[in-house]
Amino acid sequence: MSLKHDIEFTLNGVKRHVSVDVTMNALAMLRDVIGLTGTKYGCGEGECGACTIQVDGVSLNSCLMFAVDCDGRNVTTIEGLANDSKADALRESFVEHGAVQCGFCTPGMIMQADHLLHKHPHADEACVKRGIEGNLCRCTGYKKIVDAIVAVDGA
Amino acid sequence: MNVAEKKARVIEPDSLIGKRIPKMDAPEKASGRTRYIHDINLSGQLHGKILRSSRIHALIKSIDVSAARALPGVHVVITAADIPDQRPIGVAKDHFPLKVGRVRSQRDEIAAVAAESEEIAEAALKLIKVEYEDLPVISDPEQAIMPGAALIHPEPHGADGSHLHLKQGMSIAHKGKPDNIAMRFDYVHGDVVQGEAESDVVVEDTFKLHYVTHCCMGVSGMIAEFDASGNLLMYSNTQVPFLHKREFADYLNMDPARIRIIQPPIGGGFGSKLDIYPFEVICLYLARAAKRPVKMLFTREEEFLASPTRQPVLLTLRSGCKKDGTLTFRQVHTLHDNGAYTSWGATTPFVMMQTFSSLYRVPHCDYHTAAVYTNNPYAGSFRGYGNLQATFAIEQHMDMLAEKIGMDPLEFRLKNAQDAGETTGQGMSFKSCGFKDCITTAARRSDYSRKARENAANRGKPGNIKRGIGMASMLHVGGGAKIYPSDGCGTILKMDDFANVTLITGASEIGQGSETVLSQLVCEELGLPISAITVVNNDTAITPWDVGVHASRTTFIAGNSAIGAAKKAKSKILAVAAKKYDVAEDELDLRGGFVIQAASGEVVVELSKLLRNLHFQDKAELVMTTFYYEPPSVHQDKGFKGDVSAAYAWGTQVVEVEVDTDTGQVRMTKVTGAHDVGRVLNRLGIEGQIEGGVVMGQGYALTEDLLIQNGVMKNPNFRDYKLVTAPEIPEMDIAFIESMDGEGPQGAKGVGEAPSICIAAATANAIANATGVRMYELPFTPEKVYRALRGQTPKLYWKPWKAD
Numbered sequence: 001m002s003l004k005h006d007i008e009f010t011l012n013g014v015k016r017h018v019s020v021d022v023t024m025n026a027l028a029m030l031r032d033v034i035g036l037t038g039t040k041y042g043c044g045e046g047e048c049g050a051c052t053i054q055v056d057g058v059s060l061n062s063c064l065m066f067a068v069d070c071d072g073r074n075v076t077t078i079e080g081l082a083n084d085s086k087a088d089a090l091r092e093s094f095v096e097h098g099a100v101q102c103g104f105c106t107p108g109m110i111m112q113a114d115h116l117l118h119k120h121p122h123a124d125e126a127c128v129k130r131g132i133e134g135n136l137c138r139c140t141g142y143k144k145i146v147d148a149i150v151a152v153d154g155a
Numbered sequence: 156m157n158v159a160e161k162k163a164r165v166i167e168p169d170s171l172i173g174k175r176i177p178k179m180d181a182p183e184k185a186s187g188r189t190r191y192i193h194d195i196n197l198s199g200q201l202h203g204k205i206l207r208s209s210r211i212h213a214l215i216k217s218i219d220v221s222a223a224r225a226l227p228g229v230h231v232v233i234t235a236a237d238i239p240d241q242r243p244i245g246v247a248k249d250h251f252p253l254k255v256g257r258v259r260s261q262r263d264e265i266a267a268v269a270a271e272s273e274e275i276a277e278a279a280l281k282l283i284k285v286e287y288e289d290l291p292v293i294s295d296p297e298q299a300i301m302p303g304a305a306l307i308h309p310e311p312h313g314a315d316g317s318h319l320h321l322k323q324g325m326s327i328a329h330k331g332k333p334d335n336i337a338m339r340f341d342y343v344h345g346d347v348v349q350g351e352a353e354s355d356v357v358v359e360d361t362f363k364l365h366y367v368t369h370c371c372m373g374v375s376g377m378i379a380e381f382d383a384s385g386n387l388l389m390y391s392n393t394q395v396p397f398l399h400k401r402e403f404a405d406y407l408n409m410d411p412a413r414i415r416i417i418q419p420p421i422g423g424g425f426g427s428k429l430d431i432y433p434f435e436v437i438c439l440y441l442a443r444a445a446k447r448p449v450k451m452l453f454t455r456e457e458e459f460l461a462s463p464t465r466q467p468v469l470l471t472l473r474s475g476c477k478k479d480g481t482l483t484f485r486q487v488h489t490l491h492d493n494g495a496y497t498s499w500g501a502t503t504p505f506v507m508m509q510t511f512s513s514l515y516r517v518p519h520c521d522y523h524t525a526a527v528y529t530n531n532p533y534a535g536s537f538r539g540y541g542n543l544q545a546t547f548a549i550e551q552h553m554d555m556l557a558e559k560i561g562m563d564p565l566e567f568r569l570k571n572a573q574d575a576g577e578t579t580g581q582g583m584s585f586k587s588c589g590f591k592d593c594i595t596t597a598a599r600r601s602d603y604s605r606k607a608r609e610n611a612a613n614r615g616k617p618g619n620i621k622r623g624i625g626m627a628s629m630l631h632v633g634g635g636a637k638i639y640p641s642d643g644c645g646t647i648l649k650m651d652d653f654a655n656v657t658l659i660t661g662a663s664e665i666g667q668g669s670e671t672v673l674s675q676l677v678c679e680e681l682g683l684p685i686s687a688i689t690v691v692n693n694d695t696a697i698t699p700w701d702v703g704v705h706a707s708r709t710t711f712i713a714g715n716s717a718i719g720a721a722k723k724a725k726s727k728i729l730a731v732a733a734k735k736y737d738v739a740e741d742e743l744d745l746r747g748g749f750v751i752q753a754a755s756g757e758v759v760v761e762l763s764k765l766l767r768n769l770h771f772q773d774k775a776e777l778v779m780t781t782f783y784y785e786p787p788s789v790h791q792d793k794g795f796k797g798d799v800s801a802a803y804a805w806g807t808q809v810v811e812v813e814v815d816t817d818t819g820q821v822r823m824t825k826v827t828g829a830h831d832v833g834r835v836l837n838r839l840g841i842e843g844q845i846e847g848g849v850v851m852g853q854g855y856a857l858t859e860d861l862l863i864q865n866g867v868m869k870n871p872n873f874r875d876y877k878l879v880t881a882p883e884i885p886e887m888d889i890a891f892i893e894s895m896d897g898e899g900p901q902g903a904k905g906v907g908e909a910p911s912i913c914i915a916a917a918t919a920n921a922i923a924n925a926t927g928v929r930m931y932e933l934p935f936t937p938e939k940v941y942r943a944l945r946g947q948t949p950k951l952y953w954k955p956w957k958a959d
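Here's what the structure looks like:
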């Protein structure tokens, strides 16, 4: 029915070769083609941040990125955010600070926070708030998420 | 064995209650491993999609699905004509899952497709041709209630125009309605005429509350599968699995015993999953017809269009008091926009009347409400359940009355606030009541009185930023709610041979942390660490009965049920230990994974060792079952008099704002809350509930506004429907008042809904404090505030409506 394109990229440290529909977004590729469901669909329009991934070290909304544009790139999802002590500290901090309720925004929030902390290792409260502005959460009121991220400073 | 002879190990007392216990499922969620409904796929699964109306109010003249059926990859296409045995759904049974002959709102379901992929299903929807004949749209409830208004659910007529005589007892979906009134509530205690006569001051105002919606981060979805014997398995996000099992069975004309509901982790609830919606029944129809599993997921746009809303309300409140500050009466008329169909939103007056009759001492109260059908989205239940709307009006009047009699608003509130032991005019009995503590604590911590005085004095001074502080309090059910004939929850508790516990509870987890709180209660009783427990709470084939997650009831009802089971286990264990070690049973206790001497803390035996032995003995029976039902109390009579909950939660919130008088922008700078929660069980969890509720209340007050124009939703997306984001949240200072409810589990009361309730009311009071201008209509967008500050807002007035 539609045009397919072969791409090759690094996903969570592993080289992948996939054939994707040219109209498909990276979110659908990750979830439906590759089967990694930690990246969430929240709105499909880049407004909620639930689908945040990192591409070449930069966080972005995977719903707004064409799957074919992953070709040749280095893509990290929540499942791949493992080989790094900062990511472990971040996840633990979310748990300990009560930053997780329904948890649906959490993977995207952590991907964004990880990116933020790489850019600003000593991010203060205002910087963290600004940094996660594009990630919506309906349960927590953000406070415990901000606390969790700020607490990772120096970890 | 003589225990005393050995150098006994002593276990120091410890408690899990009040601690900061991380949510048990948080590690899975934080690593992206949790499988929500969206992440579950069954082999052989098809994808369902729904065709919705492209008109707001119209007759359906014809539907042609032939091209859709012919599309490769399409398995099933259904319309109402294909399901002749459709039964009406909803709280008032006033619509069919697939609409028959007429559409009444933008969301209306006309046809559905099950196909090999979502893309094919969507392509098939585009091939369905529908012919409509438009009808006049009624989108204004004031218009809908007028005599002679066009009807949303007209009674069917014969081809010659004659009235069809339909059987009594038929549903509204079949027999229609001679008017647009979906539901009415009338409540009275005392005599408001006398109350008004005794008043020195009377105020009357109209308030207008808007549409908002839940915006759960996880969109709605479900999977349905019938097995070879016709048994139905549903993966569903419902908050009410047991009651819905029965309802689904009704809609499918099947035995409820053959339905099993598994609830995957839910991406947010907030009341939105309390009713059965058309998509769920349609998904079942598709699965039945396709004989394959069918998965249906909403898009975000669909989530906006086809989810319930908080009910918009037009409200005229007349209240009075004496010069000494005694409240005399409240007279209330409200008009609710029900939308095209009736869901739980129509029953929110049930909660609103409690606030009107019983928040502060009100000797005379007269409350009338009508929920009217329109062609707008239909309203459901949403955290707070009408209480935000009622509190918005009442707490503004508390400030206005205080001002009229020249009394300090804090003193005025305290004069009228109730104490424990009081029973209200409606018959609500306050066994534990920290109301006054909430007021004084929130006022003290926020320095309310000083700031209020200074802000008021500052109004006329130069500068465009005006600071304001405002207060509001709330009363809400905190010990279950007798909405159904009973309010029960069951528990099965299993002790294994390693002294681990499996808690099997009817109570659902929707992100609020019930699994952690219930675990704490059980482990506290059994002297075990939280790591010793596994919770099973999501499968109707395993878990005992429960009436669902709603009304802030889970901690109280399911908590008491879980404690009951743990107590049974404890008494069984201690009895065995007493016999085995020749110690009196009442001298023993459980602590730190050991059976101990209660007085000294000395170890008698390791619990796991005792239990392992027990498993090899006859009749160990280490599975306990209990049910907890609300304690006997006076049920409400037909006039709504009587108790509705075993306990009531109280709270006071003080909101501080900065109003930019040049732009109308309102910035919420700080919220100070004091909540009577009975007792704090999990400090981390309860703080999270409060903070989340505060920010949800902030959205209701300032930013969220679902715009409906002539029945059309103008902003079904996160770009135009503005949720609060992280940089906008206020500083939060939350205090807990521990009134130790006698019936509550470890003294606790429910709190889930409480924190959202006061924010809008307190914000209105804060804006008035900052500017001297009163806001009667939500939300307080810059445009509304800008106009109000310049006197460009005509005074709202809705003339109380009364039918015979």
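Listed in order, the protein sequences are those of chains G and C. First residue of the first sequence: 1, per our numbering; consecutive thereafter. First residue of the second sequence: 156, per our numbering; consecutive thereafter. A virtual CB, placed ideally from N, CA and C, is assigned to each residue, including glycine.
Give a yes or no on whether the minimum CB-CB distance between residue i and chain C is below 8 angstroms.
i: residue 101 of chain G; result: yes
i: residue 13 of chain G; result: no
i: residue 9 of chain G; result: no
i: residue 127 of chain G; result: no
Counting only the same chain and skipping the five closest in sequence on each side, list residues whose C-beta sits under 7 angstroms from that of residue i.
i: residue 84 of chain G; result: none
i: residue 146 of chain G; result: 125, 128 and 129
i: residue 775 of chain C; result: 769
i: residue 346 of chain C; result: 519
i: residue 451 of chain C; result: 203, 376, 377, 434 and 438
Looking at residue i and the ligand NAD, is the gap between the Cβ and the nearest heavy atom below 7 angstroms?
i: residue 945 of chain C; result: What this structure holds is no ligand at all, so the ligand NAD is not there to describe.
Between the alpha carbons of residue i and residue j, how many angstroms are there, rounded?
i: residue 684 of chain C; j: residue 678 of chain C; result: 6 angstroms
i: residue 857 of chain C; j: residue 554 of chain C; result: 20 angstroms
i: residue 959 of chain C; j: residue 490 of chain C; result: Low confidence applies here, because residue 959 of chain C scores a pLDDT of 49, under 50, leaving its location unreliable; read the following figure in that light. For residue 959 of chain C and residue 490 of chain C, the distance between alpha carbons rounds to 16 angstroms.
i: residue 34 of chain G; j: residue 415 of chain C; result: 30 angstroms
i: residue 258 of chain C; j: residue 217 of chain C; result: 12 angstroms
i: residue 111 of chain G; j: residue 133 of chain G; result: 13 angstroms
Taking C-beta pairs closer than 7 angstroms, name the residues in chain G that residue i reaches, listed in chain order.
i: residue 177 of chain C; result: 95, 96 and 98
i: residue 708 of chain C; result: Chain G residues near residue 708 of chain C: none, gap ~18 angstroms exceeds 7 angstroms.
With a CB to CB cut of under 6 angstroms and the five nearest residues on each side skipped, what residues in its chain are close to residue i?
i: residue 449 of chain C; result: 201, 203, 269, 379, 438, 441 and 442
i: residue 465 of chain C; result: 367 and 537
i: residue 928 of chain C; result: 943 and 944
Contact criterion: CB-CB distance below 8 angstroms. Does residue i meet it with respect to chain G?
i: residue 188 of chain C; result: yes
i: residue 960 of chain C; result: Because chain C in this structure spans residues 156 to 959, residue 960 of chain C falls outside the shown range and cannot be described.
i: residue 667 of chain C; result: yes
i: residue 454 of chain C; result: yes
i: residue 315 of chain C; result: no
i: residue 810 of chain C; result: no
For residue i, which residues in chain C fall below 9 angstroms Cβ to Cβ?
i: residue 130 of chain G; result: 881 and 882
Anything in chain C within Cβ reach of residue i, meaning under 7 angstroms, just list it in chain order.
i: residue 104 of chain G; result: 191, 372, 373, 422 and 423
Can you pull the chain G residues whose beta carbon is under 9 angstroms from the beta carbon of residue i, in chain order?
i: residue 839 of chain C; result: 96, 97, 98 and 144
Determine the chain G residues that contact residue i at a beta-carbon separation under 8 angstroms, and present them in chain order.
i: residue 139 of chain C; result: In this structure chain C extends from 156 to 959, so residue 139 of chain C is not present and cannot be described.
In its own chain, which residues sit with a C-beta less than 8 angstroms from the C-beta of residue i, not counting the 5 before and 5 after it?
i: residue 653 of chain C; result: 763, 766 and 767
Strictly below 8 angstroms CB to CB, what residues from chain C border residue i?
i: residue 78 of chain G; result: 186 and 187
Inset, instruction - Flag this pair as touching only if the segment 220-232 of chain C and the segment 261-281 of chain C have three or more C-beta atom pairs under 8 angstroms; answer yes or no. - result: Result yes; three or more Cβ-Cβ pairs closer than 8 angstroms.
Legend entry - Given 8 angstroms, three or more beta-carbon pairs between the segment 394-401 of chain C and the segment 898-908 of chain C: As far as the Cβ criterion goes, the segment 394-401 of chain C does not touch the segment 898-908 of chain C, which means the pair count is below three.
Legend entry - Given 8 angstroms, three or more beta-carbon pairs between the segment 563-577 of chain C and the segment 501-521 of chain C: Yes, the segment 563-577 of chain C is in contact with the segment 501-521 of chain C.
Inset, instruction - Evaluate contact between the segment 4-12 of chain G and the segment 37-44 of chain G, counting only Cβ atoms and requiring at least three cross-stretch pairs below 8 angstroms. - result: Between the segment 4-12 of chain G and the segment 37-44 of chain G there are fewer than three inter-stretch CB-CB distances shorter than 8 angstroms, so the stretches are not counted as touching.
Inset, instruction - Evaluate the contact criterion for the segment 421-436 of chain C versus the segment 235-247 of chain C: three or more CB pairs, one atom per stretch, below 8 angstroms. - result: Yes, since at least three Cβ pairs between the segment 421-436 of chain C and the segment 235-247 of chain C fall closer than 8 angstroms, the two stretches touch.
Inset, instruction - Would you be able to state if there are at least three C-beta pairs under 8 angstroms between the segment 331-351 of chain C and the segment 519-529 of chain C? - result: Taking 8 angstroms as the limit for Cβ pairs, the verdict is that the segment 331-351 of chain C does touch the segment 519-529 of chain C.
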